[in-house]
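Colleague: Numbering (UniProt numbering), first residue to last: 1 to 461.
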Amino acid sequence: MNFSTLGPNLMVDYTVDRTSGSSTLQSVRIGIAMSGGGFRAAVFHLGVLRRIAELGWLPHLDIMSTVSGGSVIGAFAASRWSSVARDGGDWSALERHVVRPFIELITTRDFIREWAWSLPWLPFRKLLDATFTRTKLAGLLFGDVFCNGLRCSELPERPYLVLNSTSLVSIRSWRFTRDGMGDSRIGLASWGSKPLSLGEAVAASAAFPPIFPPARIRRSDYTFSPPVYGEDSVPNYPLIPVTDGGVYDNLGVEAIGKQTILPGIGRVAAPEFLIVSDAGYPAQYKFRSNGIPVLASALLLYRVNGIAQEQAAAQRRRALVADFSNPSTSRKGLLVMLGSGIQRIPNGRGKEYEDAVGSQYMIPPIVAGGIRRIRTNLDRFDPLECEALMYHAYVMTDAFLWAHRLTCPERYRVPNIPDPIWRIEFTDQRIREWQNVLVRGNGARMEERRIAKAPSSPKSV
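Next comes the structure, spelled out in structure tokens:
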């Protein structure tokens with residue numbers, strides 16, 4: 001038995017399986033899955049992490065599974081985790097080394113504009129490297145802005161970061177870790193002498209089409225194992241195309257929700273407590289079957305794909321809720337959704353929580369709707385948009401932990417009286433300020449235009 005020290009008083013048990021030659025991360029306390037959804041998702045996840053940190057659970061966080069926007073903040077946090085652990089692994093350390101620097105970056109820089117300005121150089125880079133795409137160009141920028149120029153092999157051992165993409169060849173979740181990459185069908189490979197940059201892995205996880213084409217991995221640079229579960233091999237193409245991780249699993253649950261074999265490390269046990277932070281885009285209910293035939297057909301295909309993805313995500317959510325609320329199952333955890341609200345917590349527990357904490361600290365429904373419609377882009381965000389997303393995630397995390405405390409493992413059970421540290425009072429002025437920013441800067445622009453087109457109400461006399 002080999003114990004690897006991961007920080008002050010923090011150890012994780014790696015046991016070598018002599019029969020298979022692989023390592024097993026047998027003891028996983030808390031695992032967190034962070035969904036896709038652009039910068040909106042990244043900021044939402046910070047709100048969940050804040051409450052975890054305040055409760056003193058951050059040192060128990062052993063593994064993170066991330067998708068797309070979740071991979072942006074996952075990589076950013078992982079690249080600074082040694083500083084967080086050195087300064088105590090509490091909320092103060094997380095705020096100093098992760099939250100404030102990240103918010104400052106996305107509120108002062110426009111990532112997508114910087115990427116667009118560099119596109120004219122793309123044809124020249126492609127002449128020298130067949131794997132170079134708009135996505136790889138984004139990876140260089142991700143690496144420079146968010147990842148401190150690290151390579152995947154330089155990621156910390158704890159929390160163990162799994163960045164999820166989707167293999168277009170094998171139709172499986174493609175994973176990047178500090179030890180390697182691959183999927184269950186094509187096989188798993190250690191990095192050897194050619195570890196990808198962390199920025200490239202983030203870009204592959206966030207390569208949402210059509211803006212970002214699939215990332216391309218040169219197969220000859222790595223030695224892949226046979227298919228993990230004995231399936232038939234797939235065509236041995238020289239380039240492996242991988243796209244946004246949300247195409248396969250936008251929640252990132254499959255990588256850590258059960259015992260899993262990960263690249264380079266082998267078997268990883270399911271976490272004792274699984275936290276799923278879901279900032280996925282709310283379902284869209286607008287569709288018109290008319291217009292230019294070719295365009296209408298393209299929109300129809302896009303809509304059909306969206307319906308399939310929404311159904312898959314809904315099934316995953318329902319399965320998680322069923323497991324978490326069932327006392328007889330071994331999987332325990334928490335699902336925090338952008339689309340949730342205090343009013344939707346069942347059996348009157350939402351109202352109990354609101355009464356205990358104070359209704360003046362609950363986000364009004366009219367404001368919550370604007371938060372849910374915040375865009376998933378990678379452009380510059382307003383500081384108030386960030387505050388709104390973080391606070392919504394924070395309140396929902398605290399409320400769900402309290403409402404479902406009796407189904408949580410004992411050491412992750414919050415007190416009977418809710419007592420969140422962060423409380424924002426919603427005065428009339430604050431509500432107006434939040435509404436103005438949310439309508440001006442996010443997806444609520446559509447609602448703003450709809451209101452502008454609506455006939456004005458007759459004036460009273």
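All C-beta atoms in this analysis are idealised placements derived from N, C-alpha and C, irrespective of residue type, glycine included.
Measuring CB atoms only, is the stretch 82-91 touching the stretch 104-114, in the sense that at least three cross pairs come out at less than 8 angstroms?
Modeller: Taking 8 angstroms as the limit for Cβ pairs, the verdict is that the stretch 104-114 does not touch the stretch 82-91.
Colleague: Would you give the residue range spanned by the beta strand (DSSP E) that residue 108 belongs to?
Modeller: Where residue 108 is concerned, there is no enclosing beta strand (DSSP E), although the alpha helix (DSSP H) it sits in stretches over 100-108.
Colleague: Quick check on this structure: which residue in 179, 119 and 121 has the alpha carbon closest to the alpha carbon of residue 163?
Modeller: Looking at the Cα atoms, 179 is the closest of the given residues.
Colleague: Please give the ranges of any alpha helix (DSSP H) in the stretch 113-153, keeping only runs that are unbroken, at least 4 residues long and fully inside the region.
Modeller: If we require 4 residues or more, the alpha helix (DSSP H) runs fully inside the stretch 113-153 come out as 122-128 and 134-146.
Colleague: By Cβ distance, which residues of its chain are closer than 6 angstroms to residue 422, with the 5 residues on each side in sequence left out?
Modeller: Cβ within range, chain order: 394.
Colleague: Quick one: residues in its chain with C-beta nearer than 8 angstroms to the C-beta of residue 253, no 5 flanking neighbours on either side, listed in chain order?
Modeller: The answer, listed in chain order, is 33, 65, 274, 276, 316 and 320.
Colleague: Residues in the same chain with beta-carbon distance under 6 angstroms from residue 228, minus the five sequence neighbours each way, listed in chain order, please.
Modeller: Correct list, in chain order: 184 and 261.
Colleague: Compute the Euclidean distance between the alpha carbons of residue 187 and residue 156, then round it to the nearest angstrom.
Modeller: In a straight line, the C-alpha of residue 187 is about 24 angstroms away from that of residue 156.
Colleague: Can the beta-carbon of residue 206 be found less than 9 angstroms from the beta-carbon of residue 98?
Modeller: It is not a contact, given that the beta carbons lie outside the stated cut-off.
Colleague: So is residue 160 buried or exposed if we call it buried at 16+ other beta carbons inside 10 Å?
Modeller: It counts as buried.
Colleague: Since residue 338 and residue 403 should fall inside the 8 angstroms C-beta cutoff, what is the C-beta to C-beta distance between them, to a whole number of angstroms?
Modeller: That pair is no contact at about 17 angstroms.
Colleague: Residue 239 by DSSP, collapsed to three states: which one?
Modeller: Strand.
Colleague: Give me the DSSP bridge partner(s) of residue 174.
Modeller: Bridge partners of residue 174: 165.
Colleague: Would you check if the stretch 198-216 and the stretch 67-81 touch, i.e. whether three or more CB-CB distances between them fall below 8 angstroms?
Modeller: Flag = yes, the stretch 67-81 and the stretch 198-216 touch.
Colleague: Out of 371, 370 and 358, which one is the CA nearest neighbour of residue 424?
Modeller: Answer by Cα proximity: 358.
Colleague: Residue 353 by DSSP, collapsed to three states: which one?
Modeller: It is helical.
Colleague: Could you say if the stretch 144-155 and the stretch 212-227 meet the contact criterion of at least three C-beta pairs nearer than 8 angstroms?
Modeller: Because the criterion of three Cβ pairs below 8 angstroms is not met, the stretch 144-155 and the stretch 212-227 do not touch.
Colleague: Which word fits residue 406, buried or exposed, when buried means at least 16 other C-beta atoms lie within 10 angstroms of its C-beta?
Modeller: The residue is exposed, with fewer than 16 neighbouring Cβ atoms inside 10 Å.
Colleague: Starting from residue 438, follow the alpha helix (DSSP H) in both directions and report where the run begins and ends.
Modeller: Element bounds for residue 438: 428-441.
Colleague: Grab me the residues of residue 89's own chain with a C-beta within less than 6 angstroms of its C-beta, minus the 5 sequence neighbours each way, in chain order.
Modeller: Contacts found: 58 and 59.
Colleague: Just the C-alpha distance for residue 441 and residue 63, rounded to the nearest angstrom, thanks.
Modeller: Straight-line Cα distance between these residues: approximately 34 angstroms.
Colleague: Touch check for the stretch 409-423 and the stretch 366-384: three-plus C-beta pairs under 8 angstroms?
Modeller: Segments in contact, no.
Colleague: Whose CA, out of 240, 411, 103 and 53, lies closest to the CA of residue 92?
Modeller: Ranking the options by Cα distance to residue 92, first place goes to 53.
Colleague: For residue 417, count the other beta carbons within 10 Å of its own beta carbon; 16 or more makes it buried, fewer makes it exposed. Which is it?
Modeller: Looking at its Cβ environment, which holds fewer than 16 other Cβ atoms inside 10 Å, residue 417 is exposed.
Colleague: Rounded to a whole number of angstroms, what is the C-alpha to C-alpha distance between residue 334 and residue 310?
Modeller: Going from the Cα of residue 334 to the Cα of residue 310 covers about 20 angstroms.
Colleague: Pop quiz: residue 134 and residue 119 are said to be a contact at Cβ under 8 angstroms. What is the actual Cβ separation, rounded to whole angstroms?
Modeller: Between residue 119 and residue 134 the Cβ distance is about 7 angstroms, and since that is below 8 angstroms, they are a contact.
Colleague: For residue 222, does the three-state DSSP call read helix, strand or coil?
Modeller: Coil.
Colleague: Given that a residue counts as buried once 16 or more other Cβ atoms are within 10 Å of its Cβ, and exposed if not, what is residue 354?
Modeller: So residue 354 ends up on the buried side.
Colleague: Does DSSP classify residue 83 as helix, strand or coil?
Modeller: Residue 83 falls in the helix class under three-state DSSP.
Colleague: Short of 6 angstroms in beta carbon distance, which residues of its chain neighbour residue 28, apart from the five on each side in sequence? Order them along the chain.
Modeller: 62, 63, 269 and 271.
Colleague: Starting from residue 189, follow the beta strand (DSSP E) in both directions and report where the run begins and ends.
Modeller: Here the beta strand (DSSP E) through residue 189 covers 187-190.
Colleague: Tell me, which residues are paired with residue 31 by DSSP?
Modeller: Its beta-bridge partners are 63 and 274.
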